[in-house]
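S.K.: Below are the structure tokens for one structure; questions will follow.
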Amino acid sequence: MRSKNKILITLILITLTTSLCAAGDTYHADLNDGSLLLLRAGHVNTDIIEGKPVQSAEPESMNYTVQSIEDSGKYYIVQFTGPTRSMWKQDIESKGASIYGYVPNNAFVMKMNESVKNQVYSLDFVK
2 MRSKNKILIT LILITLTTSL CAAGDTYHAD LNDGSLLLLR AGHVNTDIIE GKPVQSAEPE
62 SMNYTVQSIE DSGKYYIVQF TGPTRSMWKQ DIESKGASIY GYVPNNAFVM KMNESVKNQV
122 YSLDFVK
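What the sequence shown shows, in our numbering, is residues 2 to 128, in sequence order.
What follows is the structure, encoded as structure tokens:
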């Protein structure tokens, strides 16, 4: 009985040690990186070089934009160049966009039509 307990304890320790070592090797993005949008499905890197998104070393990183198919107004994720300022949000709302929820880091879900989108994306404080 004593040898069975020793074997069981040894197997548990080996399993725990292996799990901890494997968890220590996984890549974790810098969550404070202002270029990352932190979504449940993964992180979206919004840095762009020569018109193409920068490929992140993180396996679950995605580089794409999700848009609605609705014509009257589409939903966009708009990221600011730095920490959000209320005057930036007011400027965007004055152009006709509706601002919804916050998306880490420095981004918001917004609903706007095509002409408002073009105005918003031409602002200096929008990535």
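In this text, a Cβ means the ideal position worked out from N, Cα and C, and glycines have one as well.
Values in this document were obtained by computation on a predicted structure and should not be read as measured data.
Note the first and the last residue of the continuous beta strand (DSSP E) segment covering LYS112.
M.R.: From DSSP, the beta strand (DSSP E) with LYS112 extends over 108–113.
S.K.: Whose CA, out of SER99, LYS5 and SER36, lies closest to the CA of TYR77?
M.R.: Answer by Cα proximity: SER99.
S.K.: Distance check for LEU40 and SER87, CA to CA, integer angstroms please.
M.R.: If I take the Cα positions, the gap works out to 23 Å.
S.K.: Cα separation between ILE93 and VAL127?
M.R.: Near 10 Å, if we compare the C-alpha coordinates of VAL127 and ILE93.
S.K.: Rounded C-beta distance between ALA108 and GLN80? I'm assuming under 8 Å.
M.R.: The pair is a contact, with the Cβ atoms about 4 Å apart (cut-off 8 Å).
S.K.: With distances taken between CB atoms, is the gap from GLY102 to VAL110 smaller than 8 Å?
M.R.: Yes, the Cβ-Cβ distance between GLY102 and VAL110 is below 8 Å.
S.K.: Kindly indicate the opening and closing residues of the beta strand (DSSP E) around SER99.
M.R.: 99–104 is the span of the beta strand (DSSP E), which, as asked, contains SER99.
S.K.: Is THR16 buried or exposed, if buried means 16 or more other CB atoms sit within 10 Å of its CB?
M.R.: Flag for THR16 reads exposed.
S.K.: Using the Cβ count rule (16 or more neighbours within 10 Å means buried), how would you classify SER118?
M.R.: According to the sequence as given, residue 118 is Lys; it is not Ser. When all chains shown are included, LYS118 counts as buried.
S.K.: Taking the alpha-carbon positions, what's the ILE104 to SER95 distance?
M.R.: Here the sequence assigns Val to residue 104, which means Ile is not the residue at that position. Distance between the alpha carbons of VAL104 and SER95 is about 21 Å.
S.K.: Can the beta-carbon of LEU38 be found less than 8 Å from the beta-carbon of ASN114?
M.R.: Going by C-beta atoms, LEU38 is not nearer than 8 Å to ASN114.
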